[in-house]
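The structure appears right after this line, and notes come after that.
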Amino acid sequence: MDFLVFQYPMITLQACLDGILLGVLFALIAYGMALQWGVMNIINIAQGDLVILGGYIAYFMYLYGIHPAWGVIVAPVIMYFVGIAIYKLVINKVVDRDLFISILATFGISILFMQLMNFAFGADVVLANSGYGTTMLFDNNVVLPNSKIFSAFISIVFAICLVIYMKKSKLGRAIRATAQNARAAKILGVDTEKVYAATFGINAALCGVAGALISITFTIHPYMGLPYTIRSFMIVIVAGLGNLPGVAMSGMGLGVFEEFADYILGTEFRIGSVFLLLVLILVYRRFKLSRKREYLK
Amino acid sequence: MNKNFILYAAILIFGLAAPFLFPAFKVQLSILCVLIVLATTWNIQGGEMGYNSFGNILFYGLGMYLCASVQVGMFFPLAEWTESGGEKTFVHTPTQFFQGMAVGLVVAAVVPTIVAGLIGYSILGLRGHYFAICTLGLGVAAGEISGGIEIIGAGQGFTTPPFPNVGSLEARGEFFYFLSFFTLVFTFIAVRSIYSTRFKLILNAIRDNEDKAEAMGIETMKYKIIGWMISAFFCGLAGGIMGGLVGYIDSTDVAFDGREMGVFMVLMAILGGKGTLWGPIIGATIFHIFKEGFWTFFLGWQYVALGVLIVVIVIYFPEGIMGWLREKYPERFGEVVDEKDRKAQVELK
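If you're matching them up, the sequences are chains G and V in order. Here the first sequence is numbered in numbering that gives the first Met the number 0, starting from 0 and rising by one per residue. Here the second sequence is numbered in numbering that gives the first Met the number 0, starting from 0 and rising by one per residue.
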């Protein structure tokens, strides 16, 4: 196993490329999570379920004969309003409260979504076929589906658009101001309630984009949400809030890790290894922080 | 004290008579006992210590697998048992069954306690939401990994030994009911006596302000680990009983069922009132009645109802039933209230 890199260079390369293309998608979801965490101080367990819901939107477009790639435009629009609705119904009541309350409340939303999707769309594993074909590299040893390249490209485009929007637009500035100091922003005339709703809506829209891309590239299933939440949480704690290059890098790193775990341990341990990695990262972080604390003593 | 004694005696007598009064609900009553045990022990570190864990399901599932494995492995080769699936290749005699169950329950209680002690130092150093998410990850990871291990049945599940034929058809239900009921009584007595010691005050100090507690000279880490170990002990025990009761263990749907049981524990404790002795018991009872009613009459929509229930409880009743009662009748809880103060508050409203 140790010599995988040298024995099978093509498999290694394949795993790396797959992982990086996958990681870009994770980074997009994680960016949404970092946004709402930073602005509203909320950890949204339902993040993954929003992703899956976005995926189903694209899948249904595919079923009705529209090319699923258009889901990239349609899903975020629908998901934006879904996000605002969730905010108005639930999240605005837990924003100022204990973080655990928000975790539990969004856990409830997650279970609700999971089951509603199960009713509405059935418990089958589905994918929207984009018909993009594949790209062969290195004498046909490395196979890259074009849909993966497409999805990575679209994610990067959306991320760049969002960064520019956050920098330049009025709402973006209001969001950043609220993230820095909600009270001060309120005093200076920012309607924080609106900012929160918009933040949650933008986050849901990002999830919608990612979901549409996932339904093209991989498969979706009503119960597959939680791993996406955990992945994005992991990326955010590794990268830190508001560190966009960090989010991109750790997203890709996670993607590569997953592909290797898939090759080495087997597909049945793939999700398990992601969750285990989360535990390890948190424990590592705890020991690192505690050393810092001891130093201060 | 006298009044309490009558209350306890009444509950005990009711508990002992229940399987004969409601013979059709024996399994439900046993599950209720297990749920109360889970909620009460979740409350030790969730309510009293302030460490909201989604990961007690880890100990529950561990206990379930361990109890069943020991029960089988003591007499028959485990690998062949799981390979044969549900078919009864080997049959336990009554003596073997009860011996295996007894040893299995001891192992199911002790090993999770040790596991909690071992991982406690690294996990309990996390604070707040990091702890919650980390334990959530731990529970799900355990489920995914145990679903890939061949010897305990992997994805196809593990059939626990069927109850031996001891003459009466009712014996199985009665055995499991009394097993879970006495576990509940044992848990209640243990938790009650823990709550009357200094240990509870230390846990509350950790909940209220951990840094301050540490500054006051309390070795917080030691007590946090002990608190978690107590939780793990009873969770493992409950898991072992539940495994025998359900008769079939599946890695993600029965044992490490973070989506159901793992959330139920938290929800029951919150519904009843975190950080009280009776809260989780009341919460678990109400929750179980509600759940069974829903499961029976609205089959298929139960998880939708569960999701809505979680959101509603968390948003509107974060203090739970006991917390609400406490606010309404503070005198009953031994709090001295100044009448003037109360009136002033009412006027302010």
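Backbone N, C-alpha and C fix where the C-beta goes; we use that ideal spot for every residue, glycine too. This one's a predicted model, so the numbers in the text were calculated from it and none came from an experiment.
Residue closest to residue i, alpha-carbon to alpha-carbon, out of the options
i                      : options                    : result
residue 192 of chain V : V:144, V:137, V:276, V:203 : V:276
residue 273 of chain V : V:179, V:51, V:216, V:17   : V:51
residue 151 of chain V : V:268, V:228, V:66, V:210  : V:66
residue 69 of chain G  : G:81, G:80, G:55           : G:55
residue 176 of chain G : G:198, G:156, G:158, G:157 : G:198
residue 101 of chain V : V:249, V:264, V:62         : V:62
residue 283 of chain G : G:237, G:11, G:195         : G:237
residue 66 of chain G  : G:239, G:226, G:215, G:229 : G:215
residue 77 of chain V  : V:19, V:158, V:26, V:35    : V:158
residue 247 of chain V : V:174, V:32, V:68, V:43    : V:68
residue 302 of chain G : G:8, G:210, G:286          : Outside the displayed range of chain G (0 to 296) lies residue 302 of chain G, so it cannot be described from this structure.
residue 312 of chain V : G:222, G:53, G:9, G:108    : G:108
residue 8 of chain G   : G:50, G:135, G:141         : G:141
residue 122 of chain V : G:281, G:290, G:205, G:276 : G:281
residue 138 of chain V : V:231, V:14, V:198, V:204  : V:231
residue 92 of chain V  : V:160, V:316, V:107        : V:160
residue 149 of chain V : V:217, V:130, V:249        : V:249
residue 25 of chain G  : G:227, G:163, G:219        : G:227
residue 202 of chain G : G:219, G:95, G:174         : G:174
residue 258 of chain V : G:73, G:74, G:113, G:157   : G:113
residue 205 of chain G : G:126, G:129, G:194, G:73  : G:73
residue 240 of chain G : G:111, G:179, G:57, G:148  : G:179
residue 280 of chain V : V:190, V:211, V:207        : V:190
Start-to-end residues for the beta strand (DSSP E) that takes in residue i
i                      : result
residue 8 of chain G   : No beta strand (DSSP E) holds residue 8 of chain G; the alpha helix (DSSP H) holding it covers 8-39.
residue 141 of chain G : 141-144
Boundaries of the alpha helix (DSSP H) in which residue i is found, first to last residue
i                      : result
residue 149 of chain V : Here residue 149 of chain V belongs to no alpha helix (DSSP H), and DSSP marks it neither H nor E.
residue 50 of chain G  : 46-62
residue 203 of chain V : 197-207
residue 287 of chain V : 278-296
residue 83 of chain G  : 70-85
residue 51 of chain V  : Segment: none, residue 51 of chain V is in no alpha helix (DSSP H) and carries neither H nor E.
residue 320 of chain V : 319-327
residue 184 of chain G : 181-186
residue 311 of chain V : 301-315
residue 39 of chain V  : 25-42
Where residue i sits in the DSSP three-state scheme
i                      : result
residue 125 of chain G : strand
residue 113 of chain G : helix
residue 357 of chain V : No statement about residue 357 of chain V is possible, as the shown extent of chain V runs from 0 to 348 and does not include it.
residue 228 of chain V : helix
residue 7 of chain V   : helix
residue 389 of chain V : No statement about residue 389 of chain V is possible, as the shown extent of chain V runs from 0 to 348 and does not include it.
residue 177 of chain V : helix
residue 159 of chain V : coil
Could you name each continuous alpha helix (DSSP H) segment of 4 residues or more that falls completely within the stretch 214-295 of chain G, going from the start of the chain to the end?
224-238, 243-264, 269-295
Suppose only complete runs of 4+ residues qualify. What are the alpha helix (DSSP H) ranges in the stretch 59-102 of chain V, listed by chain order?
77-82
Segment contact flag, the stretch 107-115 of chain V with the stretch 169-183 of chain V, C-beta cutoff 8 Å, min 3 pairs
no
Could I get the ranges of all uninterrupted alpha helix (DSSP H) runs contained in the stretch 210-275 of chain V, with 4 residues as the minimum, in chain order?
219-245, 260-271
Taking one C-beta from the stretch 255-267 of chain G and one from the stretch 145-154 of chain G each time, how about it: are there three or more such pairs within less than 8 Å?
no
Counting pairs of Cβ atoms below 8 Å between the stretch 32-49 of chain V and the stretch 80-90 of chain G, do you hit three or more?
no
The stretch 69-80 of chain G contacting the stretch 15-30 of chain G, beta-carbon criterion three pairs below 8 Å:
no
With a cut-off of 8 Å, do at least 3 Cβ pairs link the stretch 163-170 of chain G to the stretch 41-49 of chain G?
no
Would the stretch 28-36 of chain G count as touching the stretch 219-237 of chain G if we require 3 or more Cβ pairs under 8 Å?
yes
Say whether the stretch 224-238 of chain V touches the stretch 52-59 of chain V, bearing in mind that this needs 3 or more beta-carbon pairs closer than 8 Å, one atom from each stretch.
yes
Pairs of beta-carbons, one from the stretch 312-323 of chain V and one from the stretch 281-290 of chain V, closer than 8 Å: are there three or more?
yes
Across the stretch 2-19 of chain V and the stretch 210-224 of chain V, are there enough close Cβ pairs to call them in contact, namely three or more that are closer than 8 Å?
no
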